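In the working numbering, the protein residues as written are 347 to 672. Worksheet for the structure shown next.
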């Protein structure tokens, strides 16, 4: 079915990418995320039994804890990329399904807004985070929470910490969506500060309020609808680190060689031996180089890969880890 649809629609990304996307939707090692600065929804199968449907170009996966919905539209572009930006999780590998920025825009709400009714007696509320390519909503079926939100409609959530805490306390279902993708998380919000296994959401008010921007490997003219770690080759769906297979055997690295940014790959290949030499000889040049914004990401990727590479001497890996933490 996927092959037939791709041949009809003549999608820009190669068939291999879309085969991987569909297969990953029910793969327990894979994880999905809708990410904006300060807002994240993650989906994975975890220990649930998924219900999978792929009809009319819509991929839908349901579990007891969450739902993933993705429209495999002909306009989507696939960006295969790795990144390791400072102050983010070291070295992540994702397929980004993207739209041109202008085409990705949605209706923007800047304040808490009731959108209407949904299933049964439930209502859907836009949290009003103010992003023009992303909506964060809650689905409310608790009458007390509904009453509280009605009394606070029109407020700016990130300026109202008590209201924010109230929503966390009631823990409604969270629906994070872009133009062609949705992640609905039913799993309760933890109140002890711990990250739960499986699907979950994060909202970081200080980042949202101050519009702090984190770089991504996606070109500026594109906007990610959803991103996918298809193989779980570094961090699994529960956030646990796994053994890395190395650049010659890691399935994502092989995919990156086919479809990744060629200039980035050439730079990475060119400086890898220099980085290893610096670590072996104890040179400080690598520290200076990491301060160069144009080099920082590729260097951090290389350092993270060296840390994970069991074929290298432990002293080299420890040295790479120290530099990675700078």
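Ideal Cβ positions, reconstructed from N, Cα and C, are used throughout, including at glycine. Predicted model, so just to flag it, every value in this text is computed and none were measured.
Does the beta-carbon of residue i have 16 or more other beta-carbons within 10 angstroms, so that it is buried, or is it exposed?
i: residue 500; result: exposed
i: residue 360; result: exposed
i: residue 546; result: buried
i: residue 418; result: buried
i: residue 443; result: buried
i: residue 578; result: buried
i: residue 628; result: exposed
i: residue 621; result: buried
i: residue 657; result: exposed
i: residue 563; result: buried
i: residue 411; result: buried
i: residue 660; result: exposed
i: residue 515; result: exposed
i: residue 559; result: exposed
i: residue 599; result: buried
i: residue 669; result: buried
In three-state DSSP terms, what is residue i?
i: residue 548; result: strand
i: residue 512; result: helix
i: residue 658; result: coil
i: residue 583; result: In this predicted model, residue 583 has a pLDDT of only 45, less than 50, meaning its place in the structure is not dependable; the value taken from the coordinates is given anyway. DSSP places residue 583 in coil when its eight states are reduced to three.
i: residue 527; result: strand
i: residue 543; result: coil
i: residue 354; result: Here residue 354 scores only 30 on pLDDT, less than 50, and its place in the model should not be relied on; the value that follows carries that caveat. Looking at residue 354 - three-state DSSP - the assignment turns out to be helix.
i: residue 347; result: Legend: pLDDT at residue 347 = 32, less than 50; position of this residue unreliable, value from coordinates given subsequently. Residue 347 falls in the coil class under three-state DSSP.
i: residue 505; result: helix
i: residue 675; result: The shown model of the chain, from 347 to 672, leaves out residue 675, and the question about it has no answer.
Out of the options, which has the shortest C-alpha to C-alpha gap to residue i?
i: residue 570; options: 590, 451, 646; result: 451
i: residue 409; options: 656, 544, 567, 558; result: 544
i: residue 457; options: 663, 554, 428, 467; result: 554
i: residue 524; options: 559, 471, 506, 479; result: 479
i: residue 615; options: 591, 645, 595; result: 645
i: residue 519; options: 367, 491, 498; result: 491
i: residue 595; options: 558, 613, 655; result: 655
i: residue 653; options: 362, 625, 422; result: 625
i: residue 549; options: 602, 414, 504, 489; result: 504
i: residue 381; options: 572, 611, 613; result: 572
i: residue 673; options: 498, 535, 398; result: Past the edges of the chain, shown from 347 to 672, lies residue 673, and the structure says nothing about it.
i: residue 611; options: 369, 426, 495; result: 426
i: residue 509; options: 542, 538, 474, 529; result: 474
Whole runs of the beta strand (DSSP E) within the segment 453-498, excluding any shorter than 3 residues
List check, beta strand (DSSP E) in window: 459-463, 469-472, 481-486.
Could you say if the segment 602-610 and the segment 477-491 meet the contact criterion of at least three C-beta pairs nearer than 8 Å?
Result no; under three Cβ-Cβ pairs closer than 8 Å.
Could you tell me which uninterrupted beta strand (DSSP E) segments, each at least 3 residues in length, are contained entirely in the segment 381-417, listed from first to last along the chain?
Runs found: 385-389, 397-401, 404-408, 412-417.
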